[in-house]
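Below you'll find the structure, written out as structure tokens, and then a few comments.
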Amino acid sequence: MAEDAATRRAFMSGGERVFAHAAGEMEQFMQLSSVLVERAKSAGELTSDFEAGDIPMLMCGVCAAIDKGKAGWDWRRHLELILRGMRTPA
Numbered sequence: 001m002a003e004d005a006a007t008r009r010a011f012m013s014g015g016e017r018v019f020a021h022a023a024g025e026m027e028q029f030m031q032l033s034s035v036l037v038e039r040a041k042s043a044g045e046l047t048s049d050f051e052a053g054d055i056p057m058l059m060c061g062v063c064a065a066i067d068k069g070k071a072g073w074d075w076r077r078h079l080e081l082i083l084r085g086m087r088t089p090a
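Reading the sequence shown from the start, the letters are residues 1 to 90 in my numbering.
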């Protein structure tokens with residue numbers, strides 16, 4: 001867990017240089033994510049207002065929760081709340 005946190009901190013501290021270096025991969029990730037999001041919407045599994053562009057922000061939120069490591073802070077709960085909010089009502 002500590003190694004994961006150190007990796008996240010190193011990645012996040014790189015700023016624009018890191019993001020510029022990963023631009024091609026990010027573009028591919030977003031294209032694939034868009035396909036997946038549209039499939040999930042078509043299947044009625046994902047809310048209609050969700051967009052592929054929401055994924056990086058949500059990933060950052062979960063990573064920030066993992067990094068806290070405080071007693072009572074369960075990143076799994078944070079992730080479950082996010083996933084429940086993305087799903088269409090049953």
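All residues carry an ideal CB built from backbone N, CA and C; glycine is no exception.
Since we're looking at a predicted model, the values are computed, not measured.
Per DSSP, the bridge partner or partners of residue i
i	result
Arg-96	In the structure displayed, the chain extends from 1 to 90; residue 96 sits before or after that span and is not available.
Separation of residue j from residue i, as counted between CA atoms
i	j	result
Asp-49	Val-62	20 angstroms
Glu-27	Ala-40	20 angstroms
Leu-58	Met-86	11 angstroms
Cys-60	Ile-82	12 angstroms
Trp-75	Asp-67	9 angstroms
His-78	Leu-36	22 angstroms
Glu-16	Thr-88	35 angstroms
His-21	Leu-32	19 angstroms
Which listed residue (the options) has its alpha carbon closest to that of residue i
i	options	result
Ser-34	Ile-55, Ala-90, Arg-87 and Ala-64	Ile-55
Met-30	Met-59, Ala-52 and Ile-66	Ala-52
Arg-84	Trp-73, Gly-72, Glu-25 and Leu-46	Leu-46
Exercise for review: Return the chain-ordered ranges of every alpha helix (DSSP H) run that is complete within the stretch 31 to 56 and spans a minimum of 4 residues.
Suggested key: none
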